[in-house]
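Trainee: Numbering (our numbering), first residue to last: 530 to 733.
1) Closer than 8 Å by C-beta to residue 700: which residues in its own chain qualify, once you throw out the five before and the five after it? Chain order, please.
2) For a test of your reading of the model: does the CB of residue 723 fall under 7 Å from any non-hydrogen atom of the ligand ADP? Yes or no.
3) On the DSSP bridge assignment, give the partners of residue 617 in chain order.
4) What are the complete beta strand (DSSP E) segments, minimum 3 residues, inside the region 701-731?
5) Measuring CB to CB, does residue 680 end up less than 8 Å from residue 649?
6) Locate the beta strand (DSSP E) running through residue 674, then write down its first and last residues.
7) Just the Cα atoms here: how many angstroms apart are residue 728 and residue 605?
8) Report yes if the C-beta distance between residue 661 and residue 703 is below 8 Å; otherwise report no.
9) Grouping DSSP H, G and I as helix and E and B as strand, with all else coil, what is residue 684?
10) Starting from residue 689, follow the beta strand (DSSP E) in both directions and report where the run begins and ends.
11) Just mark residue 562 as buried or exposed, buried being the case when its beta carbon has 16 or more other beta carbons within 10 Å.
12) Checking 8 Å against the spacing of the C-beta atoms, do residue 614 and residue 732 come in under that value?
13) Below 8 Å between beta carbons: does that hold for residue 676 and residue 651?
14) DSSP on residue 651, reduced to helix/strand/coil?
15) At the level of alpha carbons, what is the spacing between residue 621 and residue 601?
16) Check whether the Cβ atoms of residue 696 and residue 666 lie closer than 8 Å to each other.
17) Under three-state DSSP, which class holds residue 479?
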């Protein structure tokens with residue numbers, strides 16, 4: 530775990546937090562987009578290495594997206610067609626060894642709400658959760674929902690107030706606790722977040 534976090538900057542949490550109004554709820558693993566995206570990344574390792582690599586390396590026909598577009602530092606993807614289409618956006622952060630340290634997905638959790646699903650490496654301290662800050666302002670802490678072989682997942686359901694903070698921000702930092710009480714801040718670029726979120730909201 531410590532080795533995977535090489536080159537990721539440690540940060541000090543702000544002393545005056547404001548509350549992130551994120552609902553605690555189960556991760557929507559049944560969402561087709563999440564499942565298809567996981568399969569797509571599994572058969573396309575280049576996409577899992579960096580979000581800026583636009584090349585497709587022999588994608589599986591069954592998992593190939595019907596829409597794929599780079600929007601800032603996010604990649605917008607759709608799977609399926611028509612009423613069966615599911616869309617979302619993804620950003621992956623890697624360390625200097627090209628190991629994935631964080632994957633973030635903008636997904637629909639229902640007809641009206643957008644969620645930010647983050648996947649972090651196994652070995653994080655679950656009780657500490659994921660502290661979220663945007664441009665240095667602490668918003669709150671998410672609790673992990675589930676851990677799988679791909680990592681530990683936490684879901685934030687963004688209300689309009691919090692979504693607007695992300696739209697106006699330039700960078701979020703997700704702080705986790707790894708190893709022996711080692712706080713690690715993982716950067717999340719918000720370049721392209723506004724357009725990506727809008728595309729996800731209007732994708733039905």
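C-beta: ideal position from N, C-alpha, C; glycine also.
Predicted model, so just to flag it, every value in this text is computed and none were measured.
Mentor: Taking the coordinates as given:
1) The residue you call residue 700 lines up with position 171 of the chain shown. The residues are 663, 664, 716, 717, 718, 719.
2) Of ligands this structure carries none, so the ligand ADP is not represented either.
3) Taking the first residue of the chain shown as 1, we reach residue 617 at position 88. According to DSSP, residue 617 bridges with 606.
4) Listed in chain order, they are 711-718.
5) Along the chain shown, read from residue 1 onward, the residue named residue 680 stands at position 151. Along the chain shown, read from residue 1 onward, the residue named residue 649 stands at position 120. Yes, the Cβ-Cβ distance between residue 680 and residue 649 is below 8 Å.
6) Taking the chain shown and counting its residues from 1, one reaches residue 674 at position 145. For residue 674, the enclosing beta strand (DSSP E) has its first and last residue at 673-677.
7) The residue you call residue 728 lines up with position 199 of the chain shown. The residue you call residue 605 lines up with position 76 of the chain shown. Going from the Cα of residue 728 to the Cα of residue 605 covers about 8 Å.
8) Sequence index remark: in the chain shown, residue 661 carries index 132 (1-based). Sequence index remark: in the chain shown, residue 703 carries index 174 (1-based). Taking 8 Å as the Cβ cut-off, residue 661 and residue 703 qualify as a contacting pair.
9) The count along the chain shown starts at 1 and reaches residue 684 at position 155. Of the three classes helix, strand and coil, the one that applies to residue 684 here is strand, per DSSP.
10) Within the chain shown, numbered from 1, the residue matching residue 689 stands at position 160. No beta strand (DSSP E) contains residue 689, which is instead part of the alpha helix (DSSP H) from 689-697.
11) The residue you call residue 562 lines up with position 33 of the chain shown. At residue 562, the pLDDT of 45 sits below 50, so the modelled position is not reliable and the matter cannot be decided from this model.
12) Residue mapping note: residue 614 aligns to position 85 of the chain shown, counting from 1. Residue mapping note: residue 732 aligns to position 203 of the chain shown, counting from 1. A contact, by the Cβ cut-off of 8 Å.
13) The sequence position of residue 676 within the chain shown is 147, counting from 1. The sequence position of residue 651 within the chain shown is 122, counting from 1. Closer than 8 Å, so yes.
14) Translated into positions along the chain shown, residue 651 becomes position 122. Residue state, collapsed to three classes: coil.
15) Residue numbering aside, residue 621 sits at position 92 when the chain shown is read from its first letter. Residue numbering aside, residue 601 sits at position 72 when the chain shown is read from its first letter. Their Cα atoms are separated by approximately 13 Å.
16) Along the chain shown, one-based indexing puts residue 696 at 167. Along the chain shown, one-based indexing puts residue 666 at 137. Contact: no.
17) Here the chain covers residues 530 to 733 and nothing more, so residue 479 does not appear.
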